[in-house]
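Undergrad:
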Amino acid sequence: MATTTIWFLSLLFLPSFLLALFKHKNRRRQHQRKPPSPPGFPIIGNLHQLGELPHQSLCRLSKKYGPVMFLKLGTVPTVVVSSSETAKQALKVYDLHCCSRPPLAGTRDLSYNYLDIAFSPFDDYWKELRKMCVQELFSAKRVHLIQPIKDEEVKRLIDSVSESASHKTPVNLSEKFLDLTVSVICKAAFGLSFHGTVLNTDRFDKLIREAFLFLGSFSASDFFPNGGRVIDRLTGLQGRRERSVRDLDAFYEQMFDLHKQGNKEGVEDFVDLLLRLEKEETVLGYGKLTRNHIKAILMNVLLGAINTSAITMTWAMAELMRNPRAMKKVQSEIRNQIGRKSTISLDDMEQLQYLKMVVKETWRLHPPAPLLVPREVMSEFEINGYKIQPKTMLYVNAWAIGRDPDTWKDPEVFLPERFMDNDIDAKGQNFELLPFGSGRRLCPGMYMGTTMVEFGLANMLSQFDWKLPEGMNVEDIDMQESPGLTVGKKVDLSLVPVKY
């Protein structure tokens, strides 16, 4: 009787037991599964789905496959995160697991992020060099010390634009903002002025534009390590990239020669410091500072500080022209603050709260590096329950996060006031807004970049009113993006200045 009862109970509860076992195994499989992935092709994987503007293509795919998405880019396993929640997990919770850099061909050839690639982010050498760069270039103290340089270069810009205003001719603001940042950064960091020297602005602009073009271009060797470089040579990309490297190298050597001749003021700038440390065979951590390291540091400073600031100022002016209400409001704030003064001080800048909202709103819609800089996973971790394996390339789609309707109301609308009632900033702790990244890879030039953008815009908006060229309407402003590592306007922004 007891045996019959046991069998009866076993049969009664067997389906429940099997169902519970199935659910447990299913949960375990789900717990260990890869993120969802769009179907791909043999060999190329999902490369064909990236398109000319990968951040936009990946944003569209994430709407179907979710905020954690797995792709196979050639032979490279890749994960893309596209929400503030998943970005927080990757950049904060598991920052330690994925703060390495993948050795991309373009960055390797141009020495860009050489230090990030060659050294662990926990290595003493890497730490000391990063600390030195921050102290000598990007600290708040240093930014305040270079304010006279910004005053001088902005005055030069105002004089140039005033001449166009007197003739009522359009000004190419994309070029003007790039010239401004080139002049300020190079004079502040390298002690060089492009005005009246052999290091002319046109030549330097060309070098910078080419470098960014190659850094943002498709490179077969990035995704097909075995044989990819052969493809790059056949397409001509490798040869063009090598020429760019030689041109940049020659530029650096010319700059070093000028520094060795000594400067009239006798003040040691950043390049002087690096050259002195090289000459003294200074040991940082376990390695000596070499000439190649100096060039790599300068490449980081040039490409990281110059183009991004100019891009943001250009996008901000374009958005303000498309939104006259916001334009009028920000100009009124600036003009009321400075009164009849001819120059804007740092104290004035701190009071321009609406301008700061305009800049943040510009970063939300137009982050200069929409996919940030890729990371490489060093040790296994999970995002939303999905296993992320070592050697996986990880992208954070800051462009998609800035336009996420689950985070932002009316995300496609330019509305600076959305920042009035919240404390979201761009310092890397609010993952809804990530123009400078976050975690161990947070951009060290964040403060310098922010003040450069705000100062440049404040002067252009206070000194001039702006009109569209004759025959052009607001709807005609082209807001298409240009492809590349950093994303600016595809068509330069030209406006007619009217002296205020």
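Just so we're aligned, residue 0 is where the sequence shown starts under numbering that gives the first Met the number 0, counting upward by one.
Where is the CB? At the ideal position from N, CA and C, for every residue including glycine.
Keep in mind the model is a prediction, meaning the values are calculated, not measured.
1) Measuring CB to CB, does residue 57 end up less than 8 Å from residue 399?
2) Taking buried to mean at least 16 other C-beta atoms within 10 Å of its own C-beta, is residue 419 buried or exposed?
3) Just verifying my parser: in three-state terms, what is the DSSP assignment at residue 511?
4) Taking three-plus beta-carbon pairs below 8 Å as touching, is the region 309-320 in contact with the region 466-485?
5) Residue 241 lies in the alpha helix (DSSP H); which residues open and close that run?
6) Give a yes or no on contact between the region 451-468 and the region 152-171, applying the rule of three or more CB pairs nearer than 8 Å.
7) Between 186, 280, 296 and 159, which lies nearest to residue 175 when the distance is taken from Cα to Cα?
8) My parser needs the alpha helix (DSSP H) runs of 4 or more residues fully inside the region 323-357; what are they?
9) Give the single residue among 429, 64 and 168 whose Cα lies nearest to the Cα of residue 467.
10) Among 360, 83 and 165, which residue has its Cα nearest to the Cα of residue 383?
11) Starting from the C-beta of residue 70, find all residues in its chain whose C-beta is less than 6 Å away, skip the five residues before and the five after it, and write them out in chain order.
12) Please look up how many angstroms separate the CB atoms of residue 296 and residue 273, rounded, as I've assumed it's under 8 Å.
13) Inspect the beta-carbon positions of residue 313 and residue 488 and report whether they are closer than 8 Å.
14) Is the distance from the Cβ of residue 129 to the Cβ of residue 443 below 8 Å?
15) Considering only C-alpha positions, which residue in the set 448, 34, 325 and 401 is nearest to residue 308?
16) Where does residue 143 land, buried or exposed, given buried means 16+ other C-beta within 10 angstroms?
17) Under 6 Å Cβ to Cβ from residue 385, same chain only, skipping five residues before and after it: list those, please.
18) With DSSP collapsed to three states, give me the class of residue 286.
19) Between residue 237 and residue 229, what straight-line distance do the alpha-carbon atoms span, to the nearest angstrom?
20) For residue 310, count neighbouring Cβ atoms within 10 angstroms of its own Cβ and tell me buried if that reaches 16, exposed if not.
21) So, at 6 Å on beta carbons, what are the nonlocal neighbours of residue 36 in its own chain, with the 5 sequence-adjacent residues on each side left out?
22) Spell out the partners DSSP gives residue 385 in its beta bridges.
23) Opposite residue 79 in the DSSP bridges: which residues?
24) So residue 80 and residue 395 are supposed to be a Cβ contact under 8 Å. How far apart are they, rounded?
25) Spatial neighbours of residue 63 within its chain, please: C-beta separation below 8 Å, excluding the five flanking residues on both sides.
26) By Cβ distance below 7 Å, which residues in the same chain neighbour residue 415 in space, the five residues on each side in sequence not counted?
27) According to DSSP, what are the bridge partners of residue 165?
28) According to the neighbour-count rule (16 or more other Cβ atoms, all chains shown, within 10 Å of its Cβ), is residue 251 buried or exposed?
29) Which one of 205, 207, 225 and 180 has the shortest CA to CA distance from residue 74?
30) Which word fits residue 380, buried or exposed, when buried means at least 16 other C-beta atoms lie within 10 angstroms of its C-beta?
31) Using 10 angstroms around the beta-carbon of residue 249, count the other beta-carbons present and answer buried if the total reaches 16, otherwise exposed.
32) Between which two residues does the alpha helix (DSSP H) holding residue 221 run?
33) Ordered along the chain, which non-local residues of its own chain (more than five positions away) have a Cβ less than 8 Å from that of residue 425?
34) If you draw a straight line from the C-alpha of residue 187 to the C-alpha of residue 367, how long is it?
35) Give me the Cβ distance between residue 98 and residue 438, rounded to the nearest whole Å; I'm assuming they're in contact under 8 Å.
36) Compute the Euclidean distance between the alpha carbons of residue 373 and residue 299, then round it to the nearest angstrom.
TA: Once the coordinates are examined:
1) Against the sequence shown, residue 57 aligns to sequence position 58. Against the sequence shown, residue 399 aligns to sequence position 400. Yes.
2) By one-based count along the sequence shown, residue 419 stands at place 420. Answer is exposed; the Cβ neighbour count stays below 16.
3) Residue 511 is absent from the structure shown; the chain starts at 0 and stops at 499.
4) yes
5) Numbered from 1 along the sequence shown, position 242 holds the residue referred to as residue 241. Per DSSP, residue 241 belongs to the alpha helix (DSSP H) from 236-259.
6) yes
7) Here residue 175 refers to the residue found at position 176 of the sequence shown. Taking only the C-alpha atoms, the option nearest residue 175 is 159.
8) 323-337 and 345-349
9) The count along the sequence shown starts at 1 and reaches residue 467 at position 468. Nearest of 429, 64 and 168 to residue 467, Cα basis: 168.
10) Within the sequence shown, residue 383 is the residue found at index 384, counting from 1. When each option's Cα is compared against that of residue 383, the closest is 83.
11) Here residue 70 refers to the residue found at position 71 of the sequence shown. So the list reads 45 and 77, once near-sequence residues are dropped.
12) Translated into positions along the sequence shown, residue 296 becomes position 297. Translated into positions along the sequence shown, residue 273 becomes position 274. The pair is a contact, with the Cβ atoms about 7 Å apart (cut-off 8 Å).
13) What you label residue 313 is simply residue 314 of the sequence shown in a count that begins at 1. What you label residue 488 is simply residue 489 of the sequence shown in a count that begins at 1. Closer than 8 Å, so yes.
14) Position 130 of the sequence shown, counted from the start, is the residue given in the question as residue 129. Position 444 of the sequence shown, counted from the start, is the residue given in the question as residue 443. Yes, Cβ-Cβ distance for residue 129 and residue 443 is below 8 Å.
15) Taking the sequence shown and counting its residues from 1, the one referred to as residue 308 is at position 309. Residue 308 has its Cα closest to that of 448, out of 448, 34, 325 and 401.
16) Taking the first residue of the sequence shown as 1, we reach residue 143 at position 144. Its Cβ having fewer than 16 others within 10 Å, residue 143 is exposed.
17) Against the sequence shown, residue 385 aligns to sequence position 386. So the qualifying residues of the chain are 34 and 67.
18) Here residue 286 is taken as the residue at index 287 of the sequence shown, counted from 1. Residue 286: strand per DSSP, three-state reduction.
19) Here residue 237 corresponds to residue number 238 of the sequence shown, with the count starting at 1. Here residue 229 corresponds to residue number 230 of the sequence shown, with the count starting at 1. About 9 Å.
20) The residue labelled residue 310 in the question sits at position 311 within the sequence shown. It is buried - the Cβ of residue 310 has at least 16 other Cβ atoms within 10 Å.
21) To locate residue 36, count along the sequence shown from 1; it is residue 37. Taken in chain order, the residues that qualify are 69.
22) Sequence index remark: in the sequence shown, residue 385 carries index 386 (1-based). BP columns for residue 385 point to 382.
23) For the purposes of this step, residue 79 is taken as the residue at position 80 of the sequence shown. Answer by DSSP bridge pairing, in chain order: 68 and 394.
24) Taking the sequence shown and counting its residues from 1, the one referred to as residue 80 is at position 81. Taking the sequence shown and counting its residues from 1, the one referred to as residue 395 is at position 396. Indeed they touch by this definition, with Cβ atoms about 5 Å apart.
25) Against the sequence shown, residue 63 aligns to sequence position 64. The answer, listed in chain order, is 37.
26) Sequence index remark: in the sequence shown, residue 415 carries index 416 (1-based). If we look at residue 415 and ignore the five residues flanking it on each side, its Cβ neighbours are 325, 353, 356, 357 and 360.
27) For the purposes of this step, residue 165 is taken as residue 166 along the sequence shown, with counting starting at 1. Looking at the DSSP assignment, residue 165 forms no beta bridge with any residue, so it has no partner.
28) Counting from one through the sequence shown, the residue named residue 251 turns up at place 252. With 16 or more other Cβ atoms within 10 Å, it is buried.
29) As a first step, residue 74 is located in the sequence shown; it is residue number 75 there, counting from the start. When each option's Cα is compared against that of residue 74, the closest is 225.
30) Along the sequence shown, one-based indexing puts residue 380 at 381. Residue 380 should be labelled buried.
31) The residue you call residue 249 lines up with position 250 of the sequence shown. By the 10 Å Cβ count, residue 249 comes out exposed.
32) Along the sequence shown, one-based indexing puts residue 221 at 222. Looking at the DSSP string, the run of the alpha helix (DSSP H) that includes residue 221 is 219-222.
33) Walking along the sequence shown from the start, residue 425 turns up at place 426. Only 359, 362, 432, 433, 434, 435, 445 and 449 meet the Cβ criterion.
34) Taking the first residue of the sequence shown as 1, we reach residue 187 at position 188. Taking the first residue of the sequence shown as 1, we reach residue 367 at position 368. In a straight line, the C-alpha of residue 187 is about 22 Å away from that of residue 367.
35) The count along the sequence shown starts at 1 and reaches residue 98 at position 99. The count along the sequence shown starts at 1 and reaches residue 438 at position 439. 6 Å between Cβ atoms; contact.
36) For this step, residue 373 is matched to residue 374 along the sequence shown. For this step, residue 299 is matched to residue 300 along the sequence shown. Answer to the nearest angstrom: the Cα atoms are 15 Å apart.
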